[in-house]
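Since the structure comes first, as structure tokens, the remarks are kept for the end.
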Amino acid sequence: MNNPQRLIAWLFPDRRPEREQAREREFIAEANSLKTLSVSDRGRLSIDPEDLREQMVASREQLKHLVYCEIALH
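Letter by letter, the sequence shown follows residues 1220 to 1293 of the numbering used here.
Have a look at this one:
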């Protein structure tokens, strides 16, 4: 952290719960891992839909052990 960031952090501490701060850090890390995420000079975000789809498919594969699906055959 540089000095202005330290001063701002000291003057305005983040009072949110640690869990919420951790979720925000996780979201930022995931967003940074997207290959085609770009931000315009006016703050507009854009991303290649295919990149987003690939990320969702990979996440679904990682979490599929949490879902139990029973198929009833008649």
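For each residue, glycine too, the CB sits at the ideal point set by N, CA and C.
What first and last residue would you give for the alpha helix (DSSP H) that runs through residue i?
i: Ile-1247; result: 1237 to 1252
i: Asp-1270; result: 1268 to 1282
Is residue i helix, strand or coil by DSSP?
i: Val-1258; result: strand
What do you reckon, are the CB atoms on residue i and residue j nearer than 8 Å?
i: Asp-1233; j: Gln-1240; result: yes
i: Leu-1256; j: Ile-1247; result: no
If you pair each beta-carbon of the region 1250 to 1257 with each one of the region 1270 to 1281, do three or more pairs fall below 8 Å?
-> Counting Cβ pairs under 8 Å, three or more are found: they touch.
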